[in-house]
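Chemist: Take a look at the following structure, please.
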Amino acid sequence: MIEIHLYGKLRRFTDTLDPKRESTLLVPAYEGDTIRDIIERIGMPMDEVGSNIFLNGEYSHPSRPVKDGDRLGIFPDDMQLLYKWHFKKEG
Amino acid sequence: MSNLKAKEEKAPEEVKNMGGRWLTDHIVCDEVDPLCNPLGPNNKVVFAPGIVTGTDAPSSGRISVGGKSPLTGGIKEANAGTAFSQKIARLGYKAIVVEGLPKEKKLWLLKIDKDGAEFLPADEWTGKGLHEVFPLLFNKFGENVGISAIGVAGERLMSSAGICFNDIDNRPSRYAGRGGLGAVLGSKGLKFIVVDDKGAKGVEIVDKDAFKKGTKKLTEALTTHDITKPGGSLNTYGTAVLVNIMNEAGGYPTRNFSEGRFEGAAATSGEAIHDICNERGGAGKTGHPCHPGCIIQCSNVYPRPDGTEHVSCIEYESDWAFGANCGIDDLDAIADLIWLSNDYGLDTIEAGGTIAVAMEAQLAEFGDGPKAIELMKEIGEGTPLGHVLGSGAATTGKVFGVVRVPGVKGQNMPAYEPRAVKGIGMVYATSTMGADHTAGYTIAPEILGVGGEADPLDADKAALARGFQEATAFIDSTGYCLFIAFAVLDIPEGLEGTVESCNGVLGTDWTTDDIARIGREVLDKELEFNKAAGFTKAHDRLPEFMKYEKLPPHNTVFDVPDEELDKVHRG
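As structure tokens, this is what we get:
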């Protein structure tokens with residue numbers, strides 16, 4: 000199973016809507032699954048998912064593979080702060 | 000302050016294009032002996048609005064305050080968003096330089112308006128909390144003045160004393176907090192500066208078209224980017240939106256930097272603050288601007304259960320400093336601690352970090368909100384223990400024999416764990432300011448790129464830490480809030496607009512290529528000062544415990560080699 004932690008409007012996919020508590024759910028993972036597969040299995044629309052996705056505390060792209068026992072944290076598109084910055088480097 | 004005279008001087012040609020941190024650094028480096036005692040006669044405190052401050056450029060009401068820090072012993076620039084800065088700029092002042100020591104131990108108020116400046120005795124407002132004093136001052140001088148103040152912590156020369164400014168509703172809540180500059184003003188006997196810009200001529204804009212074009216591009220970037228736009232992450236949840244994010248990333252320092260995840264994160268998150276503001280109603284508010292003209296509006300007013308105002312503002316760093324870092328998961332207790340900090344005139348980051356070190360020293364249990372409040376009150380009452388705590392985390396650690404003191408150059412770390420986010424660790428280590436998150440916000444690119452197609456940034460870490468410190472030094476000089484960086488480092492037109500609006504005010508022809516040049520100039524000055532003050536590369540290191548204590552949940556140590564750290568500024 001994968002332990003999923005959801006935030007903001009994505010909490011509606013769990014039983015806990017109270018933002019002062021953890022909203023989690025357990026989802027089975029199969030061989031070859033990626034984060035995107037898990038998101039689709041929950042029935043969560045990809046366009047509500049922001050860029051702040053964490054697999055075991057590591058910022059991750061939806062194409063990253065998952066395995067049994069992982070922790071997956073997903074923030075909605077209106078709750079992201081870490082961002083892919085394009086900083087012009089010197090030289 | 001030695002003869003209580005205010006003298007107006009024409010700004011020399013060489014500082015014509017400078018503002019904010021660039022200008023405070025320039026004056027401090029030119030006029031302050033790096034070896035001086037920070038509380039002695041030869042230190043100075045410089046206030047400077049940014050280049051575009053006082054105009055209608057969006058989110059540009061920052062004030063930079065500079066001097067030699069009693070906390071770090073190096074150069075300091077701390078900044079805040081406040082109408083005080085806009086008023087100084089509109090009166091035509093590029094900077095206010097406070098120097099000398101008063102002959103008698105007494106505190107003063109400097110009143111500035113279009114006709115000049117005068118000193119008034121501050122006795123009747125001395126020794127009191129700033130929440131009591133601010134309404135009295137606005138009552139006396141008018142609701143439209145701007146105020147700079149020190150609290151009892153500054154009066155008592157404590158090195159975690161900040162400088163407080165009024166927010167948009169005239170609360171004592173906007174802080175140039177870090178580095179103890181409030182104590183330097185205390186040593187000079189300058190308790191308040193009150194500025195009235197009635198009848199001011201306003202900020203001269205040399206090229207109005209360029210200015211208009213630039214601010215339009217910047218506004219467009221700020222109002223469309225997911226992080227800064229109305230209804231975006233910052234506007235909706237405030238900076239504390241980061242609580243859950245950093246916690247999920249395993250980089251949220253918990254119980255004095257002993258863990259990277261806090262079980263009380265959700266209960267103290269930006270989402271929880273937003274929910275409580277809505278649920279309790281009344282004075283509760285998110286999307287609150289710190290100064291007029293801010294379009295990001297990431298501040299908040301936190302309500303009590305009955306809807307009356309408790310405190311403004313619970314922002315990420317303050318929330319964390321008194322929350323996760325002290326193991327406290329109760330927002331109402333955190334609100335009390337922030338209120339006390341604002342009342343005494345303390346830097347919330349240093350104060351919270353100090354309470355956490357005191358908890359490590361078993362002066363209180365981690366998670367004990369009421370006991371944390373008692374410790375804070377020791378500072379407010381000026382007891383001997385209060386003086387120790389008011390001197391910051393490093394001093395407190397030394398007094399009580401604590402090894403786990405998470406600071407650099409004597410300044411306690413803010414709310415990002417360097418063992419989980421190594422890029423910010425490099426900034427903490429090499430910043431001229433001591434451990435400082437705003438010196439270069441490398442959080443995002445560092446966490447990025449650890450899987451899938453998330454495009455790892457290929458820049459070496461030293462170049463990244465350098466680049467961000469330079470961009471930050473430039474933004475700190477413009478008067479814009481550092482949070483414009485979220486949008487303008489992502490939207491090229493926004494960055495162009497930022498530079499063009501400066502060109503508009505100054506009549507310069509800078510391009511975005513000048514950002515790194517100006518940022519470098521600012522940093523080089525700071526490095527030069529610190530070197531002369533006795534800093535070597537041995538000071539550009541994280542505390543030793545981070546090299547051998549593994550931080551859960553990632554179970555990593557800070558393993559960036561010293562040579563990499565040395566390349567940041569000398570690479």
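Top line first, the protein sequences correspond to chains C and Z.
Be aware that the first sequence starts at 0, since it is given in numbering that gives the first Met the number 0, and climbs by one per residue.
Be aware that the second sequence starts at 0, since it is given in numbering that gives the first Met the number 0, and climbs by one per residue.
Here a beta-carbon is modelled for each residue, glycine too, at the ideal position from N, C-alpha and C.
What residue range does the beta strand (DSSP E) around I111 of chain Z cover?
Modeler: 107–112
Chemist: Is there a Cβ of chain C sitting closer than 8 Å to that of G231 of chain Z, yes or no?
Modeler: yes
Chemist: Assuming the contact rule is C-beta atoms closer than 8 Å, K9 of chain Z and V96 of chain Z should be a hit. Round their C-beta distance to whole Å, please.
Modeler: Not a contact, Cβ separation roughly 13 Å.
Chemist: Would you grab the beta carbon distance between P75 of chain C and G7 of chain C for me? Rounded to a whole angstrom, and I think it's under 8 Å.
Modeler: That pair is a contact at about 4 Å.
Chemist: Do we get a CB-CB distance below 8 Å when we pair E258 of chain Z with the residues of chain C?
Modeler: No, E258 of chain Z lies away from the interface with chain C (no Cβ there is under 8 Å from its Cβ).
Chemist: Would you verify that the beta carbon of R40 of chain C is, or is not, closer than 8 Å to some beta carbon of chain Z?
Modeler: no
Chemist: Taking DSSP as the reference, what is the three-state secondary structure of P48 of chain Z?
Modeler: strand
Chemist: Does chain C have any CB closer than 8 Å to the CB of E452 of chain Z?
Modeler: With a pLDDT of 33 at E452 of chain Z, under the threshold of 50, the modelled position of this residue cannot be trusted, and the question is left open.
Chemist: Kindly indicate if chain Z contains any beta-carbon less than 8 Å away from that of L80 of chain C.
Modeler: yes
Chemist: Name the DSSP beta bridge partners of A239 of chain Z, please?
Modeler: Bridge partners of A239 of chain Z: none, in fact.
Chemist: Helix, strand or coil, according to DSSP, for K421 of chain Z in the structure here?
Modeler: helix
Chemist: Would you tell me roughly how many angstroms separate the C-alpha atoms of T218 of chain Z and W509 of chain Z, rounded to the nearest one?
Modeler: 19 Å
Chemist: Taking CB distances under 8 Å as the criterion, tell me whether I244 of chain Z reaches chain C.
Modeler: yes
Chemist: For A464 of chain Z, decide whether its Cβ has a neighbour in chain C, counting only Cβ atoms nearer than 8 Å.
Modeler: no
Chemist: At the level of alpha carbons, what is the spacing between V401 of chain Z and D55 of chain Z?
Modeler: 49 Å
Chemist: From Z:G99, Z:I167, Z:I272, Z:P134, pick the residue whose C-alpha is nearest to that of G185 of chain Z; which is it?
Modeler: Z:G99
Chemist: Output yes or no for whether 8 Å exceeds the beta carbon distance between A472 of chain Z and G518 of chain Z.
Modeler: yes
Chemist: Please decide whether L90 of chain Z counts as near chain C, where near means a Cβ-Cβ distance under 8 Å.
Modeler: no
Chemist: Give me the chain Z residues within the contact set of G7 of chain C, using Cβ-Cβ distance strictly less than 7 Å, ordered along the chain.
Modeler: E270
Chemist: Measuring only between beta-carbons, confirm whether F74 of chain C sits less than 8 Å from chain Z.
Modeler: Interface residue (Cβ-Cβ distance to chain Z less than 8 Å): F74 of chain C is classified as such.
Chemist: Under the three-state reduction of DSSP, which class applies to Q468 of chain Z: helix, strand or coil?
Modeler: helix
Chemist: I354 of chain Z touches chain C at which residues, Cβ-Cβ below 7 Å?
Modeler: Result: empty, since nearest Cβ-Cβ is about 23 Å, beyond 7 Å.
Chemist: Tell whether a beta-carbon distance below 8 Å holds between P57 of chain Z and F528 of chain Z.
Modeler: no
Chemist: Helix, strand or coil: how does DSSP classify Q79 of chain C here?
Modeler: coil
Chemist: Near E117 of chain Z, what residues of its chain come up, given a Cβ to Cβ distance below 8 Å and the 5 sequence neighbours on each side ignored?
Modeler: A5, L109, K110
Chemist: Anything in chain Z within Cβ reach of D77 of chain C, meaning under 8 Å, just list it in chain order.
Modeler: Within 8 Å Cβ-Cβ: D225, G230, G231, S232, T235.
Chemist: Going by beta carbon distance, what residues of the same chain come within less than 6 Å of G263 of chain Z, once the five residues before and after it are set aside?
Modeler: D328
Chemist: Are the CB atoms of A350 of chain Z and H309 of chain Z within a distance shorter than 8 Å?
Modeler: no
Chemist: Could you have a look at K284 of chain Z and say whether DSSP puts it in helix, strand or coil?
Modeler: strand
Chemist: Where does Y479 of chain Z land, buried or exposed, given buried means 16+ other C-beta within 10 angstroms?
Modeler: Y479 of chain Z is classed as buried because its beta carbon has at least 16 other beta carbons within 10 Å across all chains shown.
Chemist: On the CB-based measure, 16 or more other CB atoms within 10 Å of its CB, does Q361 of chain Z come out buried or exposed?
Modeler: That one is exposed.
Chemist: Check distances from the C-beta atoms of the region 305–330 of chain Z to those of chain C and list, in chain order, the residues that come in under 8 Å.
Modeler: Going along the region 305–330 of chain Z in chain order, one finds no residue with a Cβ nearer than 8 Å to chain C.
Chemist: Apart from the five residues just before and just after M0 of chain C, which ones in its own chain have a Cβ nearer than 8 Å to its Cβ?
Modeler: Excluding sequence neighbours, M0 of chain C sits near L25, V26, P27, A28, D67, G68.
Chemist: Along the region 21–33 of chain C, where does the CB come closer than 9 Å to a CB of chain Z? Name the residues.
Modeler: E21, S22, T33
Chemist: Given a cut-off of 8 Å, decide if T429 of chain Z and A464 of chain Z are closer than it, judged by their beta-carbon atoms.
Modeler: yes
Chemist: Whole angstroms is fine: what's the gap from L550 of chain Z's alpha carbon to G237 of chain Z's?
Modeler: Between L550 of chain Z and G237 of chain Z, the C-alpha separation is close to 27 Å.
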